[in-house]
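Engineer: I have a structure here, written as structure tokens, and I will follow up with some questions on it.
Residue numbers (the UniProt record's numbering), protein chains in the order written: chain A, 1 to 193; chain B, 1 to 193.
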């Protein structure tokens, strides 16, 4: 086993210990000391790679949950959006990842380094992929030609984050369908045919 | 000064000390001990009224920011929604309340008592008031007759919470106008007249 491979194995061990402990004692009580003991490494080994408990936790959650939230293009924009939303909710709004992801966002509220890394590693790639899918749909005439595409991702994912972080109401596929339908048709009264 | 009045004054002093300290040292480093010292009361006095630092902080933030987020009915649903959204964003997304409100929501991610109290005292009354305003607008024919009113509040406020908690992008009145417009007209292509 060469040095690179040994380092990878050690990283995996530390990440697994972090997630196991976070699930057992909660993020608030997680400590670098306990992770080091569980992973059988020195604290220095951890601090060489991660600047803080918060950044270790972020890396552990994002590396391990690794959702593939890329949109297919089947020609049906609503179906393609729905497919990714169902996957995201199944992964990020339920145990085991739901509570860990909520802890991560909780930490981001007072830790700008975590907030920036969360956006860069997780939010921005999803936003870009969703925007590309919306752009194709608009070119194909499946979205209103003047719809504000730069808002599309936050209008669709905003209600889901609101449920996850504020009301904690369930997010069933039927709920996602209601959100998609409401955002697609809008609130405006239509002239009757 | 009677006993009731003395108790009110003491409560105000404790709440002011809590907010002052939270702004000075941040919520994470806030302690009941420090609040008691700043307010010149015993810790027991605080614990008789608040079960934890988190519940004291929640009470302090919600009592003192006390936004009046009630909708007027001018007959123009978009203008009435916009008025409340501008107020909410001015209050809750900027210093001094912005960071404190974000800390409160951060705490709610792993503290079910805080999450429940936040919903009961702050989110549910706003939701009910918004729903009532939407219902009137629908009866007046200013919203699509089949629009899913139970979703209206989370579709409108979801994008704002998403900016506040996830991307921390600015929320200007121009941004609120874009959200209102997008949600009002929807994504769907319209038949050209």
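The beta carbon of each residue, even a glycine, is placed where N, CA and C say it ideally should be. Treat the numbers as computed from the prediction; the structure is a model and nothing was measured.
Would residue 123 of chain A pass as an interface residue toward chain B - the criterion being a Cβ-Cβ separation below 8 Å?
Structural biologist: Here residue 123 of chain A refers to the residue found at position 123 of the first chain. Chain B, which has a Cβ nearer than 8 Å to the Cβ of residue 123 of chain A, makes this yes.
Engineer: Taking residue 119 of chain A as the query, report the chain B residues whose CB atoms sit under 9 Å from its CB, ordered along the chain.
Structural biologist: Taking the first chain and counting its residues from 1, the one referred to as residue 119 of chain A is at position 119. Result: 166, 167 and 168.
Engineer: Please list, in chain order, the chain A residues whose beta carbon lies closer than 8 Å to that of residue 148 of chain B.
Structural biologist: Working through the second chain from its first residue, we reach residue 148 of chain B at position 148. Chain A residues near residue 148 of chain B: 178, 181 and 182.
Engineer: State the CB to CB distance for the pair residue 133 of chain A and residue 73 of chain A, rounded to an integer number of angstroms; the pair is presumed to be in contact (CB under 8 Å).
Structural biologist: The count along the first chain starts at 1 and reaches residue 133 of chain A at position 133. The count along the first chain starts at 1 and reaches residue 73 of chain A at position 73. That belief holds up - the Cβ atoms of residue 133 of chain A and residue 73 of chain A are roughly 7 Å apart, short of 8 Å.
Engineer: Taking 8 Å as the threshold (C-beta atoms), are residue 61 of chain A and residue 30 of chain A in contact?
Structural biologist: The sequence position of residue 30 of chain A within the first chain is 30, counting from 1. The sequence position of residue 61 of chain A within the first chain is 61, counting from 1. No, the Cβ-Cβ distance between residue 30 of chain A and residue 61 of chain A is not below 8 Å.
Engineer: Quick check on the DSSP output: what are the complete alpha helix (DSSP H) runs of length 4 or more inside the stretch 98-131 of chain B, in order along the chain?
Structural biologist: Counting only runs of 4 or more, we get 112-118.
Engineer: Considering only their Cβ atoms, is the gap separating residue 123 of chain A from residue 64 of chain A smaller than 8 Å?
Structural biologist: Residue numbering aside, residue 64 of chain A sits at position 64 when the first chain is read from its first letter. Residue numbering aside, residue 123 of chain A sits at position 123 when the first chain is read from its first letter. Going by C-beta atoms, residue 64 of chain A is not nearer than 8 Å to residue 123 of chain A.
Engineer: Taking C-alpha atoms, which residue in A:90, A:138 and A:3 lies nearest to residue 77 of chain A?
Structural biologist: In the first chain, the residue the question calls residue 77 of chain A occupies position 77. Closest option to residue 77 of chain A, Cα to Cα, is A:138.
Engineer: Quick check: residue 69 of chain A and residue 18 of chain A, are their CB atoms within less than 8 Å of each other?
Structural biologist: The residue labelled residue 69 of chain A in the question sits at position 69 within the first chain. The residue labelled residue 18 of chain A in the question sits at position 18 within the first chain. No; because the gap between Cβ atoms is not below 8 Å, this pair is not in contact.
Engineer: Are the Cβ atoms of residue 103 of chain B and residue 27 of chain B separated by less than 8 Å?
Structural biologist: Working through the second chain from its first residue, we reach residue 103 of chain B at position 103. Working through the second chain from its first residue, we reach residue 27 of chain B at position 27. Closer than 8 Å, so yes.
Engineer: When the Cβ atoms of the stretch 89-96 of chain B are set against those of the stretch 34-49 of chain B, are three or more pairs found closer than 8 Å?
Structural biologist: Touching, no, given that fewer than three Cβ pairs across the two stretches are closer than 8 Å.
Engineer: Which chain B residues are close to residue 142 of chain A, counting only those with a beta carbon under 8 Å from its beta carbon?
Structural biologist: Here residue 142 of chain A is taken as the residue at index 142 of the first chain, counted from 1. What residue 142 of chain A touches in chain B: 189.
Engineer: Among the residues of its own chain, which have a CB less than 6 Å from the CB of residue 121 of chain B, if the five just before and after it don't count?
Structural biologist: Taking the second chain and counting its residues from 1, the one referred to as residue 121 of chain B is at position 121. Hits under 6 Å: 62.
Engineer: Under a CB-based cut-off of 8 Å, is residue 9 of chain B close to chain A?
Structural biologist: The count along the second chain starts at 1 and reaches residue 9 of chain B at position 9. Not closer than 8 Å to any Cβ of chain A, the Cβ of residue 9 of chain B fails to qualify, so no.
Engineer: Can you check whether the CB of residue 84 of chain B is closer than 8 Å to the CB of residue 173 of chain B?
Structural biologist: As a position in the second chain, residue 173 of chain B is number 173, starting the count at 1. As a position in the second chain, residue 84 of chain B is number 84, starting the count at 1. Not a contact, by the Cβ cut-off of 8 Å.
Engineer: Under 9 Å Cβ-Cβ, which residues of chain A neighbour residue 186 of chain B?
Structural biologist: Here residue 186 of chain B refers to the residue found at position 186 of the second chain. By Cβ distance, chain A contributes 144, 147, 182, 183, 184, 185, 186, 187 and 188.
Engineer: Where residue 180 of chain B and residue 144 of chain A are concerned, what is the direct C-alpha to C-alpha distance, given to the nearest angstrom?
Structural biologist: Mapped onto the second chain, residue 180 of chain B falls at position 180. Mapped onto the first chain, residue 144 of chain A falls at position 144. The alpha-carbon atoms of residue 180 of chain B and residue 144 of chain A are separated by roughly 16 Å.
Engineer: Using a Cβ-Cβ distance under 8 Å, would residue 155 of chain B count as near chain A?
Structural biologist: Sequence index remark: in the second chain, residue 155 of chain B carries index 155 (1-based). With 8 Å as the cut-off, residue 155 of chain B counts as an interface residue toward chain A.
Engineer: State yes or no: is the C-beta of residue 150 of chain A within less than 8 Å of the C-beta of residue 71 of chain A?
Structural biologist: On the first chain, residue 150 of chain A is found 150 positions in, with the first residue counted as 1. On the first chain, residue 71 of chain A is found 71 positions in, with the first residue counted as 1. It is not a contact, given that the beta carbons lie outside the stated cut-off.
Engineer: Determine, for residue 32 of chain B, whether the minimum Cβ-Cβ distance to residues of chain A falls below 8 Å.
Structural biologist: Numbered from 1 along the second chain, position 32 holds the residue referred to as residue 32 of chain B. So no, residue 32 of chain B is outside the interface.
Engineer: My assumption, with CB atoms under 8 Å, is that residue 21 of chain B sits in contact with residue 105 of chain B. Please give the rounded CB distance.
Structural biologist: Along the second chain, read from residue 1 onward, the residue named residue 21 of chain B stands at position 21. Along the second chain, read from residue 1 onward, the residue named residue 105 of chain B stands at position 105. Actually they are not in contact, since the Cβ atoms of residue 21 of chain B and residue 105 of chain B sit about 19 Å apart, beyond 8 Å.
Engineer: Taking 8 Å as the CB-CB cut-off, is residue 94 of chain A touching chain B?
Structural biologist: Mapped onto the first chain, residue 94 of chain A falls at position 94. False, the Cβ-Cβ gap to chain B never drops below 8 Å.
Engineer: Taking the alpha carbon of residue 54 of chain A as the reference point, which residue from A:113, A:136, A:186 and A:168 has its own alpha carbon closest?
Structural biologist: Position 54 of the first chain, counted from the start, is the residue given in the question as residue 54 of chain A. Considering only alpha carbons, the answer is A:113.
Engineer: Could you compute how far the alpha carbon of residue 58 of chain A sits from the alpha carbon of residue 108 of chain A?
Structural biologist: In the first chain, residue 58 of chain A corresponds to position 58, counting from 1. In the first chain, residue 108 of chain A corresponds to position 108, counting from 1. Those two C-alpha atoms are separated by around 10 Å.
Engineer: The alpha helix (DSSP H) that contains residue 9 of chain A, what's its start and end?
Structural biologist: Reading the first chain from its first residue, position 9 is the one you call residue 9 of chain A. Unbroken alpha helix (DSSP H) run through residue 9 of chain A: 3-25.
Engineer: For a quick check, are the C-beta atoms of residue 147 of chain B and residue 171 of chain A less than 8 Å apart?
Structural biologist: Taking the first residue of the second chain as position 1, residue 147 of chain B is located at position 147. Taking the first residue of the first chain as position 1, residue 171 of chain A is located at position 171. Taking 8 Å as the Cβ cut-off, residue 147 of chain B and residue 171 of chain A do not qualify as a contacting pair.
Engineer: Starting from the beta carbon of residue 161 of chain B, find every residue of chain A whose beta carbon is closer than 8 Å, and list them in chain order.
Structural biologist: Along the second chain, one-based indexing puts residue 161 of chain B at 161. Correct list: 158, 161, 162, 165 and 166.
Engineer: Cβ of residue 155 of chain A within 8 Å of Cβ of residue 183 of chain B?
Structural biologist: On the first chain, position 155 is the one that residue 155 of chain A refers to. On the second chain, position 183 is the one that residue 183 of chain B refers to. In this structure, residue 183 of chain B lies closer than 8 Å to residue 155 of chain A by Cβ.
Engineer: Suppose contacts are defined by Cβ-Cβ distances below 8 Å. Is residue 115 of chain A in contact with residue 168 of chain B by that definition?
Structural biologist: As a working note, residue 115 of chain A is residue 115 in the first chain. As a working note, residue 168 of chain B is residue 168 in the second chain. Against a cut-off of 8 Å, the Cβ pair of residue 168 of chain B and residue 115 of chain A comes out as a contact.
Engineer: Helix, strand or coil for residue 138 of chain B? Go by DSSP, reduced to three states.
Structural biologist: Within the second chain, residue 138 of chain B is the residue found at index 138, counting from 1. In this structure, residue 138 of chain B counts as helix in the three-state DSSP scheme.
Engineer: Under 8 Å between C-beta atoms, does residue 126 of chain A make it to chain B?
Structural biologist: Translated into positions along the first chain, residue 126 of chain A becomes position 126. False, the Cβ-Cβ gap to chain B never drops below 8 Å.
Engineer: Contact criterion: CB-CB distance below 8 Å. Does residue 47 of chain B meet it with respect to chain A?
Structural biologist: For the purposes of this step, residue 47 of chain B is taken as the residue at position 47 of the second chain. No, residue 47 of chain B lies away from the interface with chain A (no Cβ there is under 8 Å from its Cβ).
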